[in-house]
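J.: I have a structure here, written as structure tokens, and I will follow up with some questions on it.
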Amino acid sequence: MRSLPFAIVLLLSLAACASTGRMSEADKLALYSSHAGAPVRDIRYSNPVGWDKVDDQHLLLTMRPSEVWLLRISGPCLDWGGASPTILISAQTGRLSAGFDRIRTAESPASCRIEEIRRVDIAAVRAAQRAAE
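The numbers in the UniProt record's numbering rise by one with no breaks, and the one at position 102 of the sequence shown is 102.
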């Protein structure tokens with residue numbers, strides 16, 4: 001399997017997920033990471049339109065339908081509670097900064113530092129998902 005290019009392995013795992021109707025956290029992380037750019041120090045932050053859990057240390061933050069960011073957080077400290085809770089982000093200056101700002105769920109007093117921010121090419125993600133169907 002090591003001789004297969006990563007893209008082929010990714011498409012095979014997406015195809016396996018499409019048959020079950022649900023992607024594993026590892027497959028979601030592989031998909032979004034493979035279509036994410038280099039880490040940035042900070043981004044302009046206003047009211048996001050949505051978010052999605054990738055795994056215990058990553059989430060997608062959607063600022064606009066075409067502007068999606070993959071955030072890596074400092075450990076599995078968010079209380080997901082099996083649902084999609086409300087998240088609270090500490091961005092105070094209109095900028096969301098890696099290594100400085102924090103995120104938490106409304107249900108938990110514990111927060112995680114945002115360690116890394118990467119822009120996701122969401123059009124490429126959607127194309128890969130369509131190709132896997």
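Cβ atoms here follow ideal geometry from the backbone N, Cα and C, with glycine treated the same way. As the structure is a computational prediction, the values presented were derived from the model and not from experiment.
Expressed to the nearest angstrom, what Euclidean distance is found between the alpha-carbon atoms of alanine 131 and threonine 105?
T.: One C-alpha to the other measures close to 34 Å.
J.: Among the residues of its own chain, which have a CB less than 7 Å from the CB of tryptophan 51, if the five just before and after it don't count?
T.: Closer than 7 Å at the Cβ level, and outside the excluded window around tryptophan 51, lie Leu59, Leu60, Leu61, Thr62, Ile87.
J.: What did DSSP end up calling threonine 20 once you bin it into helix, strand or coil?
T.: Since pLDDT at threonine 20 reaches only 33, below the 50 mark, its modelled position is unreliable, and the value read off the structure follows with that caveat. DSSP places threonine 20 in helix when its eight states are reduced to three.
J.: Could you tell me the distance, in whole angstroms, from the CA atom of alanine 124 to the CA atom of leucine 96?
T.: Roughly 24 Å between the two C-alpha positions.
J.: Return the first residue and the last residue of the alpha helix (DSSP H) that alanine 127 is part of.
T.: 122-132 is the span of the alpha helix (DSSP H), which, as asked, contains alanine 127.
J.: At the level of alpha carbons, what is the spacing between alanine 36 and glutamate 115?
T.: Distance between the alpha carbons of alanine 36 and glutamate 115 is about 15 Å.
J.: Alanine 106 by DSSP, collapsed to three states: which one?
T.: Of the three classes helix, strand and coil, the one that applies to alanine 106 here is coil, per DSSP.
J.: Under three-state DSSP, which class holds aspartate 56?
T.: Coil.
J.: Which residues in the same chain have their Cβ closer than 8 Å to the Cβ of valine 54, if we skip the five residues on either side of it in sequence?
T.: The answer, listed in chain order, is Glu25, Lys28, Leu29, Tyr32, Leu60, Leu70.
J.: Taking only the alpha-carbon atoms, compute the straight-line gap between aspartate 42 and serine 66 and give it to the nearest angstrom.
T.: If I take the Cα positions, the gap works out to 18 Å.
J.: Between isoleucine 73 and isoleucine 89, is the Cβ-Cβ spacing less than 8 Å?
T.: For isoleucine 73 and isoleucine 89, no; Cβs fall outside 8 Å.
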